[in-house]
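For reference, the structure is listed below as structure tokens.
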Amino acid sequence: MKYLLVFLTAVQLWRQHVEADQRGRVPLGDETILLCEISGTSDRLSQITWQRTIKGKAPDDVFLTIQPRIGPKYSNGEDLRFQFIGNFDKKNGTLKFSNVTLKDEGSYTCIFSLFPSGKQSRTSQLVTLVPPNTNLMSYTPIEGNEEVPLATCKAAASKPKAEVKWIKDSLEGKVREELNETQHANGTTTIWSTLVGKPVREMNGQSVKCVISSETMKEEILETNIQVLYSPGEVTVTERSEDSFECATEANPNATFTWTRVGQSLPASVIVEGGLLQFPSRTSDLSGLYQCEAENTVGKTQSFVFVQISSVSAVVPWVLFALLLVLNIAVLGYLCFSGKRSGWDPSNCWEKEDS
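With mature numbering (1 follows the signal peptide of the UniProt record, and there is no 0) as the guide, the letters of the sequence shown map in order to residues -20 to -1, 1 to 335.
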């Protein structure tokens, strides 16, 4: 019988024991439930005490007590974020905790004062989760042979730290990643991931994506286009029509065009609109060597075109008339000469016969 009583007492104590080391992970600013309940005992409950061990507070800081007649009572300053939602008569001291901050992270213990068995407790670990502030920044390097930053993806002040990856598409193998992180005093971490490479004009406009993942948020994808500044390339001059020429080139930023006449000032009758050079009046004095210069903030490039303008269209009709006149005279002379040899009077070629 003695052994049976000892066994029953041990079972009763085991049933009264409150589970410990419960972990709660709560997003910053959210609310959580601090569970505190005991069952399997008929002992009289005189008080429920809540205490915490967090940064900035003394260990085992008592912040709330609950008594049967008085109800909940705050200690060491009123913190209305804690709301008693349990039932004292049912030995339930559960709290609702709202607007959780990083400073609230730590351990929370509820203590049941029972008679005659004594005190029983339960401890919960509160972990605050902080989503990252995300940002993707692109740079505008000038074309060159030295490695420079092309884009930086940032996941700032998160807890736990976020993971940053890149989708490089056509730039795979042409750029590399540099990862840096900073641990902050409040327990958060900032991650920087930078794409580094030699800026060439073929990279300009290429798309890259930054993929940020964290326990506190859905996967986020940020996208940008790589920007590389470069001087104008080869300038091509195209004859748009018989009285206009246009020059074009590739450059970033876009180039501006300037037309000049080599060795002379640009004729007043010539019209310039951007890269377009027009000759509304086609006169031979406009002939000459013209230069198109393409320029941006990085550099400039030139190209030349020789323009030949003649008034042949006005001269040709008179030349043809003269040729026809000479031809007619030659034919008439031949006929007269032939008629003379055959007895025909050649004066008939130049005079009319008398009637």
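For each residue, glycine too, the CB sits at the ideal point set by N, CA and C.
query, result
"Check whether the Cβ atoms of N115 and K134 sit closer than 7 Å, and answer yes or no.", "yes"
"Please name the residue in G57, W146, F68 whose C-alpha comes closest to that of N205.", "W146"
"With DSSP collapsed to three states, give me the class of L8.", "coil"
"Work out the CA separation of V144 and F68 for me, nearest whole Å.", "48 Å"
"Do three or more CB pairs link the segment 176 to 189 to the segment 151 to 168 at distances below 8 Å?", "yes"
"Mind checking which residues open and close the beta strand (DSSP E) that includes P111?", "Here P111 belongs to no beta strand (DSSP E), and DSSP marks it neither H nor E."
"Please tell me whether G255 and A228 are closer than 7 Å, where the distance is taken between their beta carbons.", "yes"
"Check the DSSP bridge columns for F95 and list the partner residues they point to.", "R24"
"Taking the continuous beta strand (DSSP E) assigned at residue 336, which residues delimit it?", "Residue numbering for the chain in the displayed model covers -20 to 335; residue 336 lies beyond these limits and cannot be assessed."
"To the nearest angstrom, report how far apart V(-3) and N166 are at their CA atoms.", "Bear in mind that the predicted position of V(-3) carries a pLDDT of just 41, short of 50, making it unreliable; the figure below should be weighed with that in mind. Answer to the nearest angstrom: the Cα atoms are 31 Å apart."
"What are the partner residues of V191, as DSSP defines its beta bridges?", "K145, I201"
"What is the DSSP secondary structure of K70, reduced to helix, strand or coil?", "helix"
"As a quick exercise: from A38, T120, V80, pick the residue whose alpha carbon is nearest that of Q63.", "V80"
"Put E219 into one of helix, strand or coil per three-state DSSP.", "strand"
"Name, in chain order, the residues that DSSP records as bridge partners for A136.", "N113"
"Going by DSSP, name the residue or residues bridged to F237.", "A274"
"Quick one: give me the first and last residue of the beta strand (DSSP E) that N166 is part of.", "It is not in any beta strand (DSSP E) - N166 carries neither H nor E in the DSSP assignment."
"Look at the Cβ atom of F77, then the Cβ atom of I18, and state whether they are nearer than 7 Å.", "no"
"Is K154 helix, strand or coil by DSSP?", "coil"
"With 16 other CB atoms within 10 Å as the buried threshold, where does T29 fall?", "buried"
"Our contact map puts G4 next to Q105 with C-beta atoms below 8 Å; I'd like the distance itself, whole angstroms only.", "7 Å"
"Please report the distance separating the alpha-carbon of Q258 from that of Y210.", "29 Å"
"Could you please give the first and the last residue of the uninterrupted beta strand (DSSP E) stretch that includes residue 338?", "In the structure displayed, the chain extends from -20 to 335; residue 338 sits before or after that span and is not available."
"Helix, strand or coil for D40, going by three-state DSSP, please let me know.", "coil"
"With C-beta atoms as the reference, is P111 less than 7 Å away from T216?", "no"
"Tell me which residues share the same chain as L82 and place their Cβ nearer than 8 Å to its Cβ, disregarding the 5 neighbours each side in the sequence.", "L8, T108, V110, K139, N166, G167, T168"
"At the level of alpha carbons, what is the spacing between P233 and Q207?", "10 Å"
"Let me make sure I understand the geometry here. Which of G73, L60, R32 has the alpha-carbon closest to that of P48?", "G73"
"Does N211 come out as helix, strand or coil in the three-state DSSP assignment?", "Per the sequence shown, the amino acid found at residue 211 is Ser instead of Asn. In this structure, S211 counts as coil in the three-state DSSP scheme."
"Helix, strand or coil: which one does DSSP assign to L15?", "coil"
"State the start and end residues of the unbroken beta strand (DSSP E) segment that holds T64.", "Looking at the sequence shown, residue 64 is not Thr but Phe. Here the beta strand (DSSP E) through F64 covers 62 to 64."
"DSSP state of S249, grouped into three classes?", "coil"
"Among T218, D40, G57, D149, whose alpha-carbon lies nearest the alpha-carbon of L175?", "D149"
"From E85 to T277, what does the alpha carbon distance come to, in whole angstroms?", "54 Å"
"Quick check: what's the CA-CA separation for L159 versus S221?", "56 Å"
"Does DSSP put S224 in a helix, in a strand, or in coil?", "strand"
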